[in-house]
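In my numbering, the protein residues as written are 199 to 529.
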């Protein structure tokens, strides 16, 4: 029964992440469509809300975060996580300005394959033949869907490049987060606070300097004027920021409970729901060939799931035999 609470936590955190992350995709797309095409600013506000929410939640629960580690430790240890989170937030959201929501969800099928490779390099996953086959199927299905999309009016080379870049940085972010929580024993709340606040500062500073929000807000002249410039988008921004906090918290909780690769595979099911929404509500077009490519990728996920289940069962049997031999020797 010892594994029951862990399994329940993994299921609850993953389901929560699937729901709120789908809602965030739709909310961010609505902000951009309303005439506020500043992805770094939108995600920066979301990261700021995540950090603030993490501090408040820690205070309410009585679980204070550890004191700030020395700069000489925090920069090489958590600094790379700040960088890949910044790049993931920027490129991943900027892609929505150039590609359809439905196609991006199909394209996301490649992310678990990238995560598997990085997790294997980091020593967090063992790359078996079955896992290798699953990666090949994922790559084949996603690549086929991408080739078909190149002939569609919604295709954008820039959007595709941004999304491919974000897939690699997202995989590195997930693997790095798991490493921070397992090797350095950070809690989900500590990981949330120590990554979100610096990332928010980077995103907002970059938005003000390079994205155009600096001149937009400075042209207002006063704080009241800047607030008035943001007023038409304030409700959507606040909603997206609240969802961002929920996404970050549930994702770190899920990664800690399930592992980086299992977490990304769960995103496959979530992507199906977003594709359905984009087609049924957003009236976006998805061809039969693209759905077939996505189906091939899903087959890769199924092979991965079966391989992981067998590996877990083998490890459990080996551990049980080891305990049995140790007990026999003790007697």
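Cβ coordinates follow ideal geometry from the N, Cα and C atoms, glycine included.
query                                                                                                                                                              : result
Under DSSP, the alpha helix (DSSP H) around residue 437 begins and ends at which residues?                                                                         : 432-456
Compute the distance between the beta-carbons of residue 218 and residue 445, then report whether it is under 8 angstroms.                                         : yes
Near residue 222, what residues of its chain come up, given a Cβ to Cβ distance below 7 angstroms and the 5 sequence neighbours on each side ignored?              : 438, 441, 442, 445
Can the beta-carbon of residue 337 be found closer than 8 angstroms to that of residue 473?                                                                        : no
Using CA coordinates, which residue listed in 512, 498, 465 is at the minimum distance from residue 213?                                                           : 465
Once DSSP output is grouped into helix, strand and coil, what is the label at residue 315?                                                                         : helix
Within its chain, find whatever has a CB closer than 7 angstroms to the CB of residue 236; leave out the 5 residues flanking it on each side and keep chain order. : 405, 409, 410, 411
Look at the Cβ atom of residue 368, then the Cβ atom of residue 286, and state whether they are nearer than 8 angstroms.                                           : yes
Would residue 329 and residue 314 be called neighbours here (beta carbons separated by less than 8 angstroms)?                                                     : yes
Within its chain, find whatever has a CB closer than 7 angstroms to the CB of residue 226; leave out the 5 residues flanking it on each side and keep chain order. : 240, 291, 294, 438
On the three-state DSSP scale, how would you describe residue 257?                                                                                                 : helix
Counting only the same chain and skipping the five closest in sequence on each side, list residues whose C-beta sits under 6 angstroms from that of residue 357.   : 293, 296, 297
Does the pairing of the region 313-327 with the region 381-389 give three or more beta-carbon distances under 8 angstroms?                                         : no
Tell me whether residue 421 is buried or exposed, calling it buried when 16 or more other Cβ atoms sit within 10 Å of its Cβ.                                      : exposed
Could you check whether residue 243 and residue 431 sit closer than 8 angstroms to each other, using their CB atoms as the reference points?                       : no
Can residue 272 and residue 488 be called in contact, C-beta distance under 8 angstroms?                                                                           : no
Roughly how many whole angstroms lie between the Cα atoms of residue 210 and residue 416?                                                                          : 44 angstroms
Could you give the C-beta distance for residue 498 and residue 333, rounded to a whole number, given that I count them as a contact under 8 angstroms?             : 7 angstroms
Using the beta-carbon count (16 or more within 10 Å), is residue 232 buried or exposed?                                                                            : exposed
Out of curiosity, what's the CA-to-CA distance linking residue 362 and residue 519?                                                                                : 44 angstroms
Confirm, please, whether the CB-CB distance from residue 288 to residue 401 is below 8 angstroms.                                                                  : yes
Comparing alpha-carbon positions, which option in 339, 245, 234 lies nearest residue 447?                                                                          : 245
Taking the beta carbon of residue 323 as the centre, do at least 16 other beta carbons fall within 10 Å, making it buried, or is it exposed?                       : buried
CB-CB under 6 angstroms to residue 469, same chain, minus the five flanking residues each way: which ones, in chain order?                                         : 303, 306
Measuring alpha carbon to alpha carbon, tell me which residue in 265, 278, 516, 269 is nearest residue 393.                                                        : 278
With the cut-off set at 8 angstroms, would you say residue 456 and residue 208 are in Cβ contact?                                                                  : yes
Quick one: grab the DSSP three-state call for residue 376.                                                                                                         : helix
The alpha helix (DSSP H) that contains residue 277, what's its start and end?                                                                                      : 269-292
Are residue 373 and residue 454 closer than 8 angstroms when you measure CB to CB?                                                                                 : no
Helix, strand or coil for residue 305 per DSSP?                                                                                                                    : helix
Whole angstroms is fine: what's the gap from residue 342's alpha carbon to residue 220's?                                                                          : 24 angstroms
In three-state terms, what does DSSP make of residue 325?                                                                                                          : coil
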